[in-house]
Amino acid sequence: MVKIGDIELCEFPLLLAPMEDVSDPPFRALCKEQGADVVYTEFISSEGLIRDAAKSRKKLDIYEKERPVGIQIFGANLESMLRTVEIVEQSKPDIIDINFGCPVKKVVSKGAGAGILKDIDLMVKLTDAMVKHTNLPVTVKTRLGWDESSIKIVEVAERLQDVGCAAISIHGRTRAQMYKGDANWKPIAEVKNNSRMHIPVFGNGDVNTPERAVEMRDKYGLDGAMIGRASIGNPWFFKQVKHFIETGEHLPKVTIAERVEMAKRHLQMEIDWKESEIVGVMETRRHYTNYFKGIPHFKEYRLKMVTSDLAQDVFDTFDEVLEKFS
């Protein structure tokens with residue numbers, strides 16, 4: 005059994021990665037329903053929360069059915085991060101996660117996200133202060149290093165553990181790689197196999213098939229898999245991975261009817277959460293390509309889904325797809 009603080013999980017938990025404009029409450033709830041053991045929010049700016057920015061505040065929303073859920077925050081200013089902890093606690097998450105891995109320029113340029121990989125002392129200082137400022141377990145998501153010449157993830161993980169980090173998720177790329185090339189899980193395994201490490205070590209990056217998840221467990225010895233892009237428009241991925249881990253067999257392919265039903269539910273949940281038809285419609289568009297991936301001659305219907313501004317038009321297109329392709 006894997007534990008994050010006092011939170012007991014299964015032997016090899018699957019975590020939904022925090023993804024900007026993806027990991028919102030409706031999507032997290034669907035992934036949880038399909039087998040995700042822990043889900044994380046989109047990353048939230050500490051400065052945005054302090055300024056009471058509406059978009060940042062909205063990201064603090066949590067459904068009870070999501071638990072255990074972690075709220076992920078990013079920033080590089082100690083005072084701001086500590087104030088943010090106090091704001092986040094009001095939403096009553098199960099975990100507070102610190103983003104030390106986002107490679108996007110607008111985040112990195114402020115010394116936050118993966119930008120802090122240039123200042124490991126500050127990374128440790130921030131983590132230490134936040135752990136002392138809350139009774140919730142504090143976890144970290146990071147990358148291997150800034151670039152290939154500065155990979156010190158074993159040392160970094162040790163130092164974070166020493167100041168009270170409850171678990172660490174490591175993306176198997178450097179900041180310089182962004183999302184290009186293949187994720188390298190070997191350094192993550194070195195962290196896990198370090199005799200000094202006793203907190204859970206989760207792997208992230210290129211977990212895109214059930215076989216890859218099993219490889220992460222059996223070959224690299226990691227405590228769990230954090231799944232990101234493979235879940236977009238495919239919340240069933242968690243269920244598929246768990247079934248394969250348990251049986252060594254693949255589940256049958258998701259049917260057209262199941263895809264349509266999930267896409268409909270997702271769209272309606274987005275509209276309800278956003279309290280806006282147009283915003284709900286727009287926020288769900290990025291998922292449609294994957295919801296209906298692999299269907300031949302589908303371009304006409306995909307185009308309708310991603311260009312319609314009215315929910316009813318999208319729902320009608322879903323019905324057309326069900327009638328034509330099932």
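According to the working numbering, the sequence shown holds residues 5 to 330 in order. Think of the CB as a built atom: it goes at the ideal place given N, C-alpha and C, for glycine as much as any other residue.
Taking the alpha helix (DSSP H) that L130 belongs to, which residues open and close that run? For the purposes of this step, residue 130 is taken as the residue at position 126 of the sequence shown. Per DSSP, L130 belongs to the alpha helix (DSSP H) from 124-137.
Check your understanding: Would you report the Cα separation of I236 and H291, rounded to the nearest angstrom?
Key -> Indexing the sequence shown from 1 puts residue 236 at position 232. Indexing the sequence shown from 1 puts residue 291 at position 287. The alpha-carbon atoms of I236 and H291 are separated by roughly 6 Å.
- Query: Going straight from the alpha carbon of S50 to that of Q244, what length do you get?
  - Reply: Position 46 of the sequence shown, counting from 1, holds the residue named residue 50. Position 240 of the sequence shown, counting from 1, holds the residue named residue 244. Taking the straight line joining both Cα atoms gives about 35 Å.
*Return the Cβ separation of Y295 and T321 in integer angstroms, given the expectation that the two are a contact with Cβ distance under 8 Å.*
Position 291 of the sequence shown, counting from 1, holds the residue named residue 295. Position 317 of the sequence shown, counting from 1, holds the residue named residue 321. Not confirmed; about 12 Å, so no contact.
(message) Quick check on the DSSP output: the alpha helix (DSSP H) that includes Y305 runs from which residue to which?
(response) As a working mapping, residue 305 is identified with position 301 in the sequence shown. Y305 -> alpha helix (DSSP H) spans 303-311.
Under 6 Å Cβ to Cβ from K36, same chain only, skipping five residues before and after it: list those, please.
Taking the sequence shown and counting its residues from 1, the one referred to as residue 36 is at position 32. Hits under 6 Å: V43, E70.
**Prompt:** Counting pairs of beta carbons, one from the region 117-130 and one from the region 57-69, are three or more of them closer than 8 Å?
**Reply:** No, they do not touch.
message = Restricting to Cα atoms, I'd like to know which of E262, H254, W240, S154 is closest to P191.
response = As a first step, residue 191 must be located in the sequence shown, where it is residue number 187. Minimum Cα distance to P191 is reached at S154.
E215, buried or exposed, once every other Cβ within 10 Å from all chains shown has been counted against 16
Here residue 215 refers to the residue found at position 211 when the sequence shown is read from its first residue. So E215 ends up on the exposed side.
Quick one: what does DSSP say L114 is sitting in, helix, strand or coil?
Start at 1 with the first residue of the sequence shown, and residue 114 comes out as number 110. Residue identity check: residue 114 is Lys in the sequence provided, not Leu. In the structure shown, K114 sits in coil (DSSP, three-state: anything other than H, G, I, E or B).
Report task. Compare the C-alpha of N197 against each of T178, T138, A217, E162 and name the closest. Result -> For the purposes of this step, residue 197 is taken as residue 193 along the sequence shown, with counting starting at 1. Of the listed residues, the one whose Cα sits closest to N197 is E162.
inquiry  = Is D210 close to the ligand MG? I mean its beta-carbon at under 6 Å from any heavy atom of the ligand.
reply    = Ligands are entirely absent from the displayed structure, and the ligand MG is therefore not among its contents.
- Which partner residues of I173 appear in the DSSP bridge assignment? As a working mapping, residue 173 is identified with position 169 in the sequence shown. A small correction: the amino acid at residue 173 is Ser; Ile does not occupy that position in the sequence shown. BP columns for S173 point to K145, F206.
Over what stretch of residues does the alpha helix (DSSP H) that includes I120 continue unbroken?
For this step, residue 120 is matched to residue 116 along the sequence shown. Here I120 belongs to no alpha helix (DSSP H), and DSSP marks it neither H nor E.
Integer-rounded CB distance, given that E12 should sit under 8 Å from M23: As a working note, residue 23 is residue 19 in the sequence shown. As a working note, residue 12 is residue 8 in the sequence shown. In this structure M23 does not touch E12 by the C-beta definition: roughly 25 Å separates them, more than the 8 Å allowed.
Hey, quick one: how far does the beta strand (DSSP E) through D166 stretch, first residue to last? Within the sequence shown, the letter at position 162 stands for residue 166. Taken as a continuous stretch (DSSP letters only), D166 belongs to no beta strand (DSSP E), being part of the alpha helix (DSSP H) at 157-166.
Practice problem: Enumerate, from N- to C-terminal direction, the unbroken beta strand (DSSP E) stretches of 3 or more residues contained entirely within the region 35-106. | Solution: 42-44, 73-78, 99-104
- Task: Starting from G228, trace the beta strand (DSSP E) both ways and give me its first and last residue.
- Result: Against the sequence shown, residue 228 aligns to sequence position 224. That run of the beta strand (DSSP E) goes 228-231.
Practice problem: Assuming V144 contacts D101 (C-beta within less than 8 Å), just tell me the rounded distance between them. | Solution: If you number the sequence shown from 1, residue 144 lands on position 140. If you number the sequence shown from 1, residue 101 lands on position 97. Yes, V144 and D101 are in contact; Cβ-Cβ is about 7 Å, under 8 Å.
| query | Straight-line CA distance for K324 to L18? | reply | Your numbering for residue 324 matches position 320 in the sequence shown. Your numbering for residue 18 matches position 14 in the sequence shown. Per the sequence shown, residue 324 should be read as Glu rather than Lys. Cα-Cα distance, rounded: 34 Å.
Original post:
Straight-line CA distance for A118 to K328?
Top reply: Sequence index remark: in the sequence shown, residue 118 carries index 114 (1-based). Sequence index remark: in the sequence shown, residue 328 carries index 324 (1-based). Approximately 46 Å, taken between the alpha carbons.
**OP:** Can you check DSSP and say which residues form a bridge with E12?
**Re:** Against the sequence shown, residue 12 aligns to sequence position 8. Per DSSP, K7.
Open item on the list: What does the alpha-carbon distance come out to for the pair F248 and Q94?
Closed with: As a first step, residue 248 must be located in the sequence shown, where it is residue number 244. As a first step, residue 94 must be located in the sequence shown, where it is residue number 90. Their Cα atoms are separated by approximately 38 Å.
ask   = On the three-pair Cβ rule with 8 Å, is the region 102-112 touching the region 78-86?
value = yes
Does DSSP put L255 in a helix, a strand or coil? Counting from 1 along the sequence shown, the entry for residue 255 is found at position 251. It is coil, neither helix nor strand.
When DSSP labels each residue in this structure, what does E326 get in the three-state scheme? Counted from its first residue, the sequence shown places residue 326 at position 322. The displayed chain sequence assigns Leu, not Glu, to residue 326. It is helical.
| What whole-angstrom Cβ distance do G228 and P256 have, given they're in contact under 8 Å? | Working through the sequence shown from its first residue, we reach residue 228 at position 224. Working through the sequence shown from its first residue, we reach residue 256 at position 252. Contact flag wrong, Cβ pair sits at about 26 Å.
### Message
I need the boundaries of the beta strand (DSSP E) containing L140, first residue and last residue.
### Response
By 1-based counting over the sequence shown, the position of residue 140 is 136. Element bounds for L140: n/a, residue is neither H nor E.
Check your understanding: Where do the N-terminal and C-terminal ends of the beta strand (DSSP E) with L271 fall, by residue?
Key -> To locate residue 271, count along the sequence shown from 1; it is residue 267. Premise fails: L271 lies in the alpha helix (DSSP H), 260-278, not in any beta strand (DSSP E).
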